[in-house]
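Step one of this worksheet: look at the structure below.
Residue numbers (my numbering): 1086 to 1386.
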């Protein structure tokens, strides 16, 4: 009996000392106030449409900063060294995890934090992004989005980042009018004249500044001869000229003046741009990327 009892005691101690704690993850971080808790990031886009798709794309990468709650986004406010850490959504489902080579973000042991995030992730100097919309080829690469999530702590490790578009989106649906056919529009190019193409974006307060480098911006032909799209810097200018060029060697380019400012987060969708031999008829809607409408008709010559 003594030998049996001794054998049982030895077996019990051995099982306890070799137990792997990773096989028993903490389900409720609040029950482990002294432990490290990884942040679980998910996201939403404040609207149903993006410049180049309807949702996140697999491999999209965001940059994340973490500061002490209430502290400014600056060197002395950064918490746990979380300064522009790259996270990706592998499946494009809005669930983000550390990018290859990036560390996992953990909450501090004590205290609350604020998160700042932006898309697409890039090198950042002085918490300022350098923007350039001159090249519209890859619109996802210039579709700046921004999110904040204040006052979070490890007791609630799931953090949702609600991203909002910061630039302006111009969309034109073009069709042939009198004297033209769809074939005549096959080589159509559309240019927004004299737009600022560079600026800086302050990640601390979500503001644009230093707009410069005016140039003509060639809109992306999403569908040649039919749909054209551009991501533009917001501007208080009350009008801008658009040029429609058939590139056929004999028709002069059509010109139309778009009225109104370009506001951040707004989609300016002109659903009928009808090009005729003598005029261009334009009507459409002004849609924030959260869908507000304002129909107008315009004529260009």
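Note that CB positions come from ideal geometry on N, CA and C, so glycine has one too. Computed from a prediction, not measured in an experiment: that's the story for all the values here.
Legend entry - For residue 1387, the residue or residues it bridges with in DSSP: Nothing in the structure corresponds to residue 1387, since the chain is present only between 1086 and 1386.
Legend entry - Contact check, residue 1317 vs residue 1253, beta carbons under 8 Å: yes
Inset, instruction - Can you tell me which of the three DSSP states residue 1270 falls into? - result: helix
Inset, instruction - Label residue 1349 either buried or exposed according to how many other C-beta atoms from any shown protein chain fall within 10 Å of its C-beta, with 16 as the threshold for buried. - result: buried
Legend entry - Continuous beta strand (DSSP E) stretch holding residue 1299: start and end: 1292-1303
Inset, instruction - Rank 1197, 1177 and 1184 by C-alpha distance to the C-alpha of residue 1148 and give the top, closest one. - result: 1184
Legend entry - Distance between residue 1351 and residue 1194 (C-alpha atoms, nearest Å): 40 Å
Legend entry - Top-ranked residue by Cα proximity to residue 1341, from 1171, 1347, 1249 and 1365: 1365
Inset, instruction - Rounded to whole angstroms, what's the CA-CA distance from residue 1282 to residue 1306? Just pull it up for me. - result: 19 Å
Legend entry - For residue 1272 and residue 1333, the rounded distance between their alpha carbons: 8 Å
Legend entry - N-terminal and C-terminal residue of the beta strand (DSSP E) that residue 1326 is part of: 1324-1330
Legend entry - Beta-carbon spacing of residue 1246, residue 1192 below 8 Å: no
Legend entry - Stretch-stretch touch, CB-based, cutoff 8 Å, three pairs: the region 1220-1236 with the region 1161-1177: no
Legend entry - Beta-carbon spacing of residue 1248, residue 1204 below 8 Å: yes
Legend entry - Through-space distance from residue 1121 to residue 1255, alpha-carbon basis: 45 Å
Legend entry - Rounded C-alpha distance that separates residue 1354 from residue 1196: 45 Å
Inset, instruction - Could you have a look at residue 1260 and say whether DSSP puts it in helix, strand or coil? - result: strand
Inset, instruction - Please confirm whether residue 1218 and residue 1302 have their CB atoms less than 8 Å apart. - result: yes
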